[in-house]
Amino acid sequence: MTQDAKVKPLYESDHRRQPLLLGFALLPLLILYAAFVLFSSEQGRGVSVPWVPSLGINLSFYLDGLSFLFVLLISGVGVLIQIYAWSYLRGKASRFAFHLYLTLFMLAMLGVVISDNILLLFVFWELTTLTSYLLIGFNHENPKSRKNALQSLLVTGAGGLALLAGLIMLGKMAGSYELTAIIAQASEMQNHSLFLPSLVLVLLGAFTKSAQFPFHFWLPNAMAAPTPVSAYLHSATMVKAGIYLLARVSPVYSDSEVWFYALGTFGSVTAIWCALLALKQTDLKMMLAYSTNVALGKLTLLLAVGTDLALAAAILFVVAHSFYKAALFMVVGNIDKATGTRDMRVLSGLKTLLGLSLVAAGLAAFSKAGLPPFMGFLSKEYMYKAGLELGVPIVVVLLFINAIMVALALALIIKPFLGAPSSETKTQPVEKDAGLWIPPLLLALASLSVPVFGLEWFSTHLIVPGSNAIALSTELQGVKLWQGFNIPLLLSGVTLVLGYLVYRGITPISNRFNSVPFPDANKVFDRLVGAMLRLAAVQTSWLQHKSLSGYVLLSFSILALLLVVDPLPMVQGIKTGLLQVRYYEFALAIALVVSALLCAISTSRLLSVAALGIVGFMTTLVFMLYSAPDVAKTLLLVETLMVIFVVLLIKHMPTIGSVKKHSHRRKALHMAIATVIGVSVTAILVRVTSIPLESTVSDFYANNSLLGGFGRNVVNVILVDFRAIDTLGEVVVVVVAGLSAVSLLKTHKYHSHRIQSLIFATTSHIVAALMLVFSIYLLLRGHNAPGGGFIGALIAVIGFALLMFAESPQYVVNRLHYPPFTIAVFGIAVSIGAGALALLFQQPFLTGLWWKEIIPLGTPFIFDIGIYLAVIGGVMGMLLRVNEELD
4 MTQDAKVKPL
14 YESDHRRQPL
24 LLGFALLPLL
34 ILYAAFVLFS
44 SEQGRGVSVP
54 WVPSLGINLS
64 FYLDGLSFLF
74 VLLISGVGVL
84 IQIYAWSYLR
94 GKASRFAFHL
104 YLTLFMLAML
114 GVVISDNILL
124 LFVFWELTTL
134 TSYLLIGFNH
144 ENPKSRKNAL
154 QSLLVTGAGG
164 LALLAGLIML
174 GKMAGSYELT
184 AIIAQASEMQ
194 NHSLFLPSLV
204 LVLLGAFTKS
214 AQFPFHFWLP
224 NAMAAPTPVS
234 AYLHSATMVK
244 AGIYLLARVS
254 PVYSDSEVWF
264 YALGTFGSVT
274 AIWCALLALK
284 QTDLKMMLAY
294 STNVALGKLT
304 LLLAVGTDLA
314 LAAAILFVVA
324 HSFYKAALFM
334 VVGNIDKATG
344 TRDMRVLSGL
354 KTLLGLSLVA
364 AGLAAFSKAG
374 LPPFMGFLSK
384 EYMYKAGLEL
394 GVPIVVVLLF
404 INAIMVALAL
414 ALIIKPFLGA
424 PSSETKTQPV
434 EKDAGLWIPP
444 LLLALASLSV
454 PVFGLEWFST
464 HLIVPGSNAI
474 ALSTELQGVK
484 LWQGFNIPLL
494 LSGVTLVLGY
504 LVYRGITPIS
514 NRFNSVPFPD
524 ANKVFDRLVG
534 AMLRLAAVQT
544 SWLQHKSLSG
554 YVLLSFSILA
564 LLLVVDPLPM
574 VQGIKTGLLQ
584 VRYYEFALAI
594 ALVVSALLCA
604 ISTSRLLSVA
614 ALGIVGFMTT
624 LVFMLYSAPD
634 VAKTLLLVET
644 LMVIFVVLLI
654 KHMPTIGSVK
664 KHSHRRKALH
674 MAIATVIGVS
684 VTAILVRVTS
694 IPLESTVSDF
704 YANNSLLGGF
714 GRNVVNVILV
724 DFRAIDTLGE
734 VVVVVVAGLS
744 AVSLLKTHKY
754 HSHRIQSLIF
764 ATTSHIVAAL
774 MLVFSIYLLL
784 RGHNAPGGGF
794 IGALIAVIGF
804 ALLMFAESPQ
814 YVVNRLHYPP
824 FTIAVFGIAV
834 SIGAGALALL
844 FQQPFLTGLW
854 WKEIIPLGTP
864 FIFDIGIYLA
874 VIGGVMGMLL
884 RVNEELD
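So for the sequence shown, our numbering puts the first residue at 4; every next one is plus one.
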């Protein structure tokens, strides 16, 4: 097969999917248009829909100056990234999935910035984590991609858990989870006991997302993702989610010294450290990645300063960085696609091959370096203005960082594009595909056109409203491109000179840095993960030791410990209660205790089973004595079926004498645990029964059973009407448990376990028929007298069990006509259908509907029929499967 033949199907597939791929680019364009239509710079615009009304949680969205700015960046840059990715991934079979993941990430990021409910914000926050994991690990055949995607998921996911706790605390302090309500009460929360814990937890969430030191390492490693991911997630959107969060909650925390020092310290350290790491990089993409860390550190530092000028500088820099960094990432992608390498040491002379990319890179690099009149220059001017308000240390930090950024900008242009073409690299033309150069060129031009032609609109609709959203009250009137000769302009000039000097020495600096053993955060992370896995292995070896008796011992030991921690007094209660006990209750209690002891000490399996059955039947008698006939009948039938199951399984069980004996110490431990649990449970029951019970609930059911449920049997009305959802869930559990149980058995071949007795065979057919008729009778009468679908089904199952012993399992299967679990599933469907009928009458699901005027029938009765069939099918499925020959 030729190479063309291999590629052709991929292009054909692309051609068929072009309308869908075009839709991925149109969606952010429509969102961008909608944002312009809906936004009002004078006041925010919001919408709220109930989500969890019982907890006061709403689906609330709010668009103000700050969120509008981020919506423009997310959707505007998103359009260009989708177009670029369309061309960049051309010919790849999985690019449809890539565009889908990218779109899902974009929607999640939009949800983060427009959510007014902080819990809703967290949901979208975690969705960005999940979708970015899919995008970073898109080249999943590469082990490095999988590892780095998992690293980003673990770091940002752990930070997300901290953020959730902090947001819940924030909501508790304000008494609301709406951001607008929380910010309105900002001044009242300063002295709250949860203020500092919530601040720390929110910072953890924001710092991990925005790759602040010491969590900075995951961002450069995420460069294993395809270049469109780097250009979008790791320059314009995802990493700025943490910055957005810090800006959004700034009105709540900005007056705290902890906030100022935390943001100032971590922002400065991140920017300085990552600037040094960027200097030692030879991979162009890694160089851009570390410079993104630097930008995020500067933004954090500016939010710490929090003055009008600092906030204006932060907003300006958010936009400037998104424009030039996304453009530079796309240019580096073009270099990689054209040469197959991103190594700055071997790249040279690409200006002829990638002329349009050079124009885009040059404009973007000028903005990155801060040359006038680019967007980067404007943001840098306001950074220096803000720094001068606080003093020399902040200015020195900014000067040091910006000088290194100038050096990196020069390296990105001069090294790959200028000079003589390198003979070490093979090149191919890629700019014939306009989708590879138009998006970066448009973003680079935006870095120039916005400050030159659109600064007034930009200032009025984004800078001032965005600053007001962060600080609530600012005196910022707008921003100007030219403000005369002043100290910030002088500092900009000094920055360029220092940057050029650093660039001239970038090769020896890089070589020097490579010889210095920098602390490797990745090794620290790997060691932490390794330690966690070793701890998990030890924990698993302790807890998951594959010994059933050990599991039971551990469970009951913990239960006993919990019960001993808070012992309940019961001596007086027992003394008072014994005086009221009747003689037959004493006899019943003695029978229960003797049967339980006999079951525990017997060496005969048959005797143990009989003793266990006696315990069950005596318990049934307890319910009968205390006026619970429905419960007593159900328990009696369940105990009867349990005996049948045990009889079928007993020959496959080991003899008691063959089981390994426990030591006397182990037996003493078991006795102590059993005693503690028994005494504690007795104490709890004594305490509970000594407290007068409120009859509100029971009175409600008694008073409304006939009027609301049209039934005199209160228990059945509760099961099929008032609490029908509980009954449905329990029956589904029975069926699922049955399916799970039978799937563990080996064979599907039925063997006869027939009892060879003519009398038994004859009477079984008669009794089984009577029991089936009686089961239907109980089903029909259950709504007004003891009975119902559940009890009736158990009677029917016992009848079928008699037939199974009298004839064979196959005989019963033939009489059922359908597989048991098919009957069970059909029964569940009938019950769900009965509940869904209420929806047709605009009533909640499972609301009882009655047609008493026409026929004495209602949906609860249909629901009970479904329960009847589901129980018969589920239990018979298990019973027939157990009656197979187990190998």
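In this text, a Cβ means the ideal position worked out from N, Cα and C, and glycines have one as well.
Rounded to the nearest angstrom, the gap between the Cα atoms of W485 and D119 is 37 Å.
Sequence-distant partners of Y104 (beyond 5 residues in either direction) whose C-beta falls short of 8 Å from its own C-beta, in its chain, are T134, L137, L138 and F141. It is roughly 52 Å from the alpha-carbon of S238 to the alpha-carbon of S550. For N787, the secondary structure class from DSSP, reduced to helix, strand or coil, is coil.
By the Cβ-count criterion, E191 is exposed, with fewer than 16 other Cβ atoms from all chains shown falling within 10 Å of its own Cβ.
A839 counts as exposed, since fewer than 16 other C-beta atoms from the protein chains shown sit within 10 angstroms of its C-beta. A distance of 8 Å or more separates the beta carbons of L306 and Y256.
Out of A614, N787 and M656, the CA that lies nearest to the CA of D633 is found in N787. DSSP, reduced to helix, strand and coil, places N120 within a strand of the structure shown. Under the three-state reduction of DSSP output, N151 falls in the helix class.
According to the DSSP secondary-structure assignment, E733 is paired through a beta bridge with no residue. F71 and A447 have their C-alpha atoms roughly 21 Å apart. With the rule of 3 Cβ pairs closer than 8 Å, the segment 828 to 843 counts as touching the segment 863 to 873. Setting aside the 5 residues that flank it on each side, V261 is surrounded in the same chain by L199 and L202, each with a C-beta closer than 7 Å to its C-beta; the list follows chain order.
Per DSSP, R345 lies in no alpha helix (DSSP H) and is assigned neither H nor E. Annotation for T273: A214, Q215, F216, H219, N296, V297, L299, G300 and T303 place their beta carbon closer than 8 Å to its own, counting only its chain and skipping 5 residues before and after. In the three-state reduction of the DSSP assignment, S238 falls in the coil class, being assigned neither a helical nor a strand state. About 14 Å separates the CB atoms of F829 and L742; that is not less than 8 Å, and the two are not in contact. When only Cα atoms are considered, V40 and A152 end up about 37 Å apart. When the five nearest sequence neighbours on each side are left out, the beta carbons in the same chain lying within less than 6 Å of the beta carbon of S462 are those of G481 and V482, in order along the chain. If the five residues before and after Y503 are omitted, its C-beta is found closer than 8 Å to the C-beta atoms of V409, A410 and L413, all from its own chain and listed in chain order. The beta carbon of A161 is closer than 8 Å to those of T211 in its chain, skipping five residues each way along the sequence.
Within the segment 322 to 382, the complete alpha helix (DSSP H) segments of 4 residues or longer fall at 358 to 372, listed in chain order. One Cα belongs to Y247, the other to L421, and the distance between them is close to 38 Å. For the set S360, S544 and Y235, the Cα lying nearest the Cα of P31 is the one of Y235. For R48, the enclosing beta strand (DSSP E) covers residues R48 to V55.
Under DSSP, E181 shares a beta bridge with N120. Exposed is the label assigned to I604, since fewer than 16 other Cβ atoms lie within 10 Å of its Cβ. Taking 8 Å as the cut-off, the beta carbon of F763 is found no closer than this to the beta carbon of A804. Take T285, set aside five residues on each side of it, and the residues of its chain with a beta-carbon closer than 8 Å to its own are D346, M347, R348 and S513, in chain order.
The segment 642 to 649 and the segment 529 to 540 do not touch, with fewer than three beta-carbon pairs separated by less than 8 Å.
Counting only residues of its own chain and dropping the five nearest sequence neighbours on each side, V242 has a CB closer than 8 Å to the CB of K212, S213, A214, L222, L236, T295 and L299.
Counting of Cβ neighbours within 10 angstroms places Y385 among the buried residues, the total reaching 16 or more. For N716, there is no enclosing beta strand (DSSP E), since its DSSP letter is neither H nor E.
In the three-state reduction of the DSSP assignment, S811 falls in the coil class, being assigned neither a helical nor a strand state.
A contact between stretches requires three or more CB pairs, one per stretch, nearer than 8 Å, and the segment 539 to 549 fails this requirement with the segment 438 to 453.
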